[in-house]
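Everything on this sheet refers to the single structure shown next.
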Amino acid sequence: MNLRFIDWIWHIRGSLPLSPGQTDEEAFDRLAPVFDQPNTTYERTNGALTFQKKDQAAQDKMSVFDSGVLAIENGDAGPVLHYHLISRALLFCFLAPALFMGIAGFTIALGKLEQPPVETSDKADKEEKEEAEILMNPIDKALGAPAPEKPKKEDKGKAEKKNSGPSPTPAYVFTGIFAALYVIGRILEDRLVRSLFRKKLAGS
Numbered sequence: 003m004n005l006r007f008i009d010w011i012w013h014i015r016g017s018l019p020l021s022p023g024q025t026d027e028e029a030f031d032r033l034a035p036v037f038d039q040p041n042t043t044y045e046r047t048n049g050a051l052t053f054q055k056k057d058q059a060a061q062d063k064m065s066v067f068d069s070g071v072l073a074i075e076n077g078d079a080g081p082v083l084h085y086h087l088i089s090r091a092l093l094f095c096f097l098a099p100a101l102f103m104g105i106a107g108f109t110i111a112l113g114k115l116e117q118p119p120v121e122t123s124d125k126a127d128k129e130e131k132e133e134a135e136i137l138m139n140p141i142d143k144a145l146g147a148p149a150p151e152k153p154k155k156e157d158k159g160k161a162e163k164k165n166s167g168p169s170p171t172p173a174y175v176f177t178g179i180f181a182a183l184y185v186i187g188r189i190l191e192d193r194l195v196r197s198l199f200r201k202k203l204a205g206s
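Residue numbers (the numbering used here): 3 to 206.
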C-alpha cells in the first residue's frame with residue numbers, strides 16, 4: 003500500500019519560489035532563525051535542511067511539527083523551495099474521533115446490557131397493586147383508610163432514566179471537538195507555515 007495516498011493526513015507539503023537571484027545559502031540563512039528554537043535540531047547538507055523537534059515549546063511557531071525536510075530545486079522559472087513537514091499532533095486529532103465513537107458505541111451496548119427486561123403492562127399493574135397492599139398497614143386497612151398513592155408516571159420515568167446507565171453524550175462531544183480541531187488545524191497550519199516561510203525568504 004502506498005502511504006502517499008493517506009499520509010496527507012499528518013504530512014504537509016508545499017513549495018515556494020525563491021526571489022530572483024537568491025541562492026540556496028541565502029535562502030537557508032534566512033530560514034535558519036525558524037529552527038533556532040529550544041529542543042530543535044537541524045542540519046544543512048547539499049541544498050537541503052532536515053530538522054527534528056522533541057518536547058517543543060508552545061511559543062515555537064512550528065511546534066505542531068515533529069520533523070521535516072526543506073529542499074531547494076531548480077524549476078523552469080528558477081529555484082524553488084520544497085518542504086515536507088510531519089505532525090503527530092495532526093495524526094492524533096484525526097484518529098481521536100474514531101476512538102471516541104468507539105467509546106460511544108461501547109457505552110450504548112453496555113447500557114443495553116445493564117437495562118432490566120421490559121415488563122408487560124399487566125405484570126407491572128399487578129406488581130404495583132401488590133406493592134401498595136404490602137405498604138398499607140393492616141390496621142389502616144381494617145379502618146378503611148385509603149391506599150397510598152402510586153408513584154407518578156413522570157417520577158417513575160425520571161427514576162428509570164436515572165438508572166438507564168452511562169450516557170454516550172460525552173464521547174460524542176469529544177468526537178466533535180477533535181474532528182473540528184483536525185479540520186481547522188490541517189487547513190490553518192498549512193497556511194501558517196507557508197506564510198512563515200514566505201516572510202522569512204523575503205527578509206521580513
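A virtual CB, placed ideally from N, CA and C, is assigned to each residue, including glycine.
Shown here for methionine 103: same chain residues with a beta carbon closer than 6 angstroms to its own, the five before and five after excluded, namely Thr177 in chain order. Between alanine 106 and proline 170 the beta-carbon gap is near 4 angstroms, inside 8 angstroms, which marks them as a contact. By the neighbour-count definition (other C-beta atoms within 10 Å, threshold 16), threonine 42 is a buried residue. Shown here, glycine 23 sits in coil according to DSSP, grouped into three states, outside any helix or strand.
As the crow flies, the alpha-carbon of glutamine 58 is around 8 angstroms from that of aspartate 68. In the structure shown, the three-state DSSP call for phenylalanine 67 is coil. In the three-state reduction of the DSSP assignment, serine 17 falls in the strand class. Taking each of Ile74, Ala60, Lys56, Ala111 in turn and checking the Cα distance to isoleucine 88, the smallest one comes out for Lys56. Taking the Cβ atoms as the reference, leucine 20 lies roughly 6 angstroms from alanine 29, within the contact range of under 8 angstroms.
Put simply, the backbone Cα of valine 71 is about 23 angstroms away from that of cysteine 95.
Contact between valine 36 and methionine 64 holds, with the beta-carbon distance rounding to 6 angstroms and staying under 8 angstroms.
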